[in-house]
Amino acid sequence: MMRYNFVFIGVLFWCAMVSHNGLAATEANNYDYADALGKAILFFEGQRSGKLPTPQRVKWRGDSALSDGKLQNVNLIGGYYDAGDNVKFGWPMAFTTTLLSWAGIEYESEISSVNQLDNLHSAIRWGADFILRAHTSPTTLYTQVGDGNSDHQCWERPEDMDTPRTVTKIDANSPGTEAAAESAAALSAASVVFRKIDANYSSNLLSQANSEFYGGKKDLAKIKSDAESFICAVMPGSSSLQIKTTPGGLLFTRDSSNLQYATSSTMVLFIFSKILNRNHIDGINCGSANFTPSQIRDFAKTQVDYILGNNPMNMSYMVGFGSKYPLQLHHRGSSIPSIRVHSAKVGCNDGLSDYFNSANPNPNTHVGAIVGGPNSNDKFNDARSDYSHSEPTTYINAAFVGSVPALLAQIKPNTIQFPQIDGGETN
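In mature numbering (1 follows the signal peptide of the UniProt record, and there is no 0), the protein residues as written are -24 to -1, 1 to 403.
In structure tokens:
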């Protein structure tokens, strides 16, 4: 577990723990997990900032933010928009890259078996490359591009945006330990992913990671204890139960973008179960309860299945998966006609009046996007204005990418079908 040191710390830091009322969801039939994985990875191509590469499958997106960092004489082009807005936040981007890399390490063979490993590597590299550019000196890391307040007052495609592209950085005078540590974790994890396929790139990632992180060695015994405490806080029947579920069985931490916590927790559950099996450990004691690896894994599966459709709303919370999914994504690029079919600029106020306030489905299907999810009563309001529930994020998807490969052995993969990725602009 040594190589996952930074990564596991980052995941546990983001997985919040509150009260829990037990498990209500029942085991569902298996879904097409290969299709779900492919679409979850595809989502990241719709979140790209910068000059898009030639093998760009999401055709409704175009180049954007090509001058980021120019005023500071720094190249901050590229990376990901973390959600439905046009700001690039460094800490969430690093966490996203960490989770994607961990998925590529832990499930390399499973992801390769459904022909998604190259796509995953592309997603990881897109995030890691930006972190490398943002780390301009041993003590300087740029952590944000764009002004959130200005951006959130407008509704513009990334290709049109004219809000300020201000930058924020951390350095010796303005430290930011969390962002620096997570960026180091991202580069360290990515270096493992590319070790066998691009040794020079891997070496550069690791070198940059070492210069970013100043914390020294971590207490692995403490990490193990934290991991076990987290599992005991999640598993139904545990005397240490802290994280509640909805009546339909979804882990529920908070009403705003709850699926980021559910998917992160699910990823940890699956990998913890796998580690127990790998080390021939029969289970984990949580007070008077004992949970076997299979019990932990089975509970994690209920969370994946809930997202894919086994829930009281009988809908998928992944756009483009199944026959019923969110249509009014809180996402600027998805909700405004593509620049490829509507080349005229859509300004701040026009975007708000014509598209944000529209009752119509988004014209561009953002295949693979997982939204914030339902409320504590399993209800979902498919409304663009409800960002707490209808906005996707990179870190929701990244944790899902780190969860669903655990289930690939249960199904025979079919050919993955991607609706609306060849330039189609309507649902």
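Every residue, glycine too, gets a C-beta built ideally from N, C-alpha and C.
For a cut-off of 8 Å, the C-beta gap from Leu13 to Val34 is around 17 Å, too long to register as a contact. For Lys277, the enclosing alpha helix (DSSP H) stretches over residues 269 to 284. For the pair Ser159 and Phe275, the Cα-to-Cα distance works out to about 31 Å. In this structure, Leu226 places its C-beta atom within 8 Å of the C-beta atom of Asn287. Rounded to the nearest whole angstrom, the C-alpha separation of Phe65 and Tyr56 is 8 Å. With contacts defined as CB atoms closer than 8 Å, Ile107 and Ala161 fail to qualify as a contacting pair. With respect to the 8 Å criterion, Gly348 and Ser334 are not classified as neighbours on the basis of their beta carbons. If you draw a straight line from the Cα of Gly298 to the Cα of Asn338, it comes to about 17 Å.
Here DSSP, grouped into helix, strand and coil, assigns Tyr56 to strand. With fewer than 16 other beta carbons inside 10 angstroms of its own, Gln129 counts as exposed.
Going by DSSP, Cys324 is part of the alpha helix (DSSP H) stretching over 324 to 327.
In the structure shown, the three-state DSSP call for Asn176 is helix. The three-state reading of DSSP puts Ile219 in coil, since its state is none of H, G, I, E or B. Within the stretch 7 to 58, no run of beta strand (DSSP E) reaches 3 residues while sitting entirely inside it. Counting of Cβ neighbours within 10 angstroms places Ser214 among the buried residues, the total reaching 16 or more. The beta carbons of Phe332 and Trp36 sit no closer together than 8 Å.
For Thr119, the enclosing beta strand (DSSP E) starts and ends at 117 to 121.
Taking every protein chain shown into account, the CB of Arg273 has 16 or more other CB atoms within 10 angstroms, so this residue is buried.
Under a 10 Å Cβ-count criterion, His342 is classified as buried, with 16 or more other Cβ atoms of the shown protein chains found around its own Cβ. In the three-state reduction of the DSSP assignment, Thr73 falls in the helix class. With contacts defined as CB atoms closer than 8 Å, Arg308 and Gly60 qualify as a contacting pair.
Short of 6 Å from the beta carbon of Gly124, and not among the five residues preceding or following it, lie these beta carbons of its own chain, in chain order: Val63. Boundaries of the beta strand (DSSP E) harbouring Ile146: 143 to 146, taken from the DSSP string.
Taken atom to atom, the span from the alpha-carbon of Ser179 to that of Pro140 is near 35 Å. Assigned with DSSP and collapsed to three states, Ala265 falls in strand. Collapsing the DSSP output to three states places Phe65 in a strand.
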